[in-house]
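All remarks here apply to the structure that follows.
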Amino acid sequence: NSEMTFPLHHAIDAAADRNPESEAILFLDQRLTYAELARKSNCLAHTLVEYGVRRRDRVGIYMSKSLNMSIAIYGIMKAGAAYVPLDIGAPVDRVSYVLRDCGIRHLITDDARLGRLQDIASKSSDLEHVIGIGSHTDVPFGCLSWDDVFAAPDGAPPDIKIIEDDLTYIIYTSGSTGVPKGIMHTHHSALSFARWAAREYGFGPDDRLSNHAPLHFDLSTLDYFAGAVAGASTSIIPEDYTKLPASYTQLLSNQRLSVFYTVPFALIQILHGGMLEERDLSALRWIIYGGEPFPTKHLRALMAKLPHVRFDNIYGPAEVNGCTHFSFTSLAESEDSVPIGKIADIADALVVDDANEEVVA
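In my numbering, each residue's number is its place in the sequence shown (first place is 1) plus 663.
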């Protein structure tokens, strides 16, 4: 790919230059334009630099879905650091482990996390500064509210040289096979995937993507980054809605989402409890799913209810983002599974046998 690589956050600044008033992020009835996202992420980046964040540091994001989550992502990048998303539903011990493992001294959060943060800090956390909660005297770290962050004067992002091999985010595995391990992605790998997805699915400024997955799942990277590269808008789906199929489909309809990226489990719930017959989903053109196989019985039933929608099965472990995909508009009755498709043009594949020897076609 001969395209020039640049730090991933330049995508939102470029979109702000092209169309400053176009919608970047949506959260229910709240909106951020690209100009606002660029300005507010600059404010956060300067705050982090003033607090001692240096290039290649790690900064945690420990917060509920909100507009500020997107500001946290890009503000951390603009400070030259990598963001580390923490699961707000995880036990305190696991969160403490990730903070220690990554050497996280700075955390972006929200008021609802204060009690948990006190528990985490009691487990010998090295936290120095927490952004997103007002000042508290009974905590062993400095606090700064979002209002104080955004009160900074308008200005350019910090002047920090960031190269394509610098880390942009670290996502931790579930740890089901033992200790959780951090999967590291650079600006090059994240931007490469975002550009590929935007190109492959034809995203444009008129598209509105869904952000279904929590930030600590790698599915979220397509929503935020491919949307930014295309200058599209991304609707952050509140966690409650992902568990209430009828409310979810009402939101998809009300917000005129055009790209829905989610997991088969959520789609099966929507099929059976989403009241699809009563929803206007005419704006929807893509349903992209991944993370697990989609039972074809349910998939065919969903396709029958949404005949105008193209479907796509995307596959790839967190280590490489999506690396194969298979697009389809129909599924023969004889098919009992959906292929993972061909390797993407940004990736190379190596097929090996049981002895780990390369299989030559």
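C-beta: ideal position from N, C-alpha, C; glycine also.
* Asked: Comparing alpha-carbon positions, which option in D764, C765, L790 and Y760 lies nearest T772?
  -> L790
* Asked: By a C-beta neighbour count over all protein chains shown, 10 Å radius and 16 as the cutoff for buried, is N664 buried or exposed?
  -> In this prediction, N664 scores a pLDDT of 45, lower than 50, which makes its location untrustworthy; the coordinate-derived value is nonetheless stated afterwards. Result: exposed.
* Asked: Based on the DSSP output, what are the partners of T849 in its beta bridges?
  -> L830
* From this set, R721, A909, D817 and A742, which residue's C-alpha is nearest L711's C-alpha? -> A742
* How far does the alpha helix (DSSP H) with E1020 in it reach, from first residue to last? -> No alpha helix (DSSP H) holds E1020; DSSP gives it neither H nor E.
* Can you check DSSP and say which residues form a bridge with P748? => I724
* Asked: With respect to the alpha helix (DSSP H) encompassing S990, which residues constitute its N-terminal and C-terminal limits?
  -> S990 -> not in any alpha helix (DSSP H); beta strand (DSSP E) instead, spanning T987 to F991.
* To do: State the DSSP-derived secondary structure class of T696, mapped to helix, strand or coil.
  => strand
* **Proximity to A964 [Cα-Cα], best of P901, H935, A981 and G778** => H935
* Mark G985 as exposed unless 16 or more other C-beta atoms lie within 10 angstroms of its C-beta, in which case mark it buried. => buried
* Roughly how many angstroms lie between the CA atoms of L691 and F989, to the nearest whole one? -> 31 Å
* Asked: Among D801, T897, I724 and T959, which residue has its Cα nearest to the Cα of Y832?
  -> I724
* Figure out for me which residue from P843, G894, S916 and S873 has the closest Cα to the Cα of A753. => Closest by alpha carbon: P843.
* What did DSSP end up calling N664 once you bin it into helix, strand or coil? -> Residue placement at N664 is poorly supported in this model, since its pLDDT is 45, which falls under 50; the coordinates are not used for a value here.
* **For E940 and E1021, the rounded distance between their alpha carbons** => 50 Å
* Measure the Cβ-Cβ separation of N976 and Y952 and say whether it is below 8 Å. => yes
* Residue burial classification, H971 (beta-carbon count within 10 angstroms, cutoff 16) -> exposed
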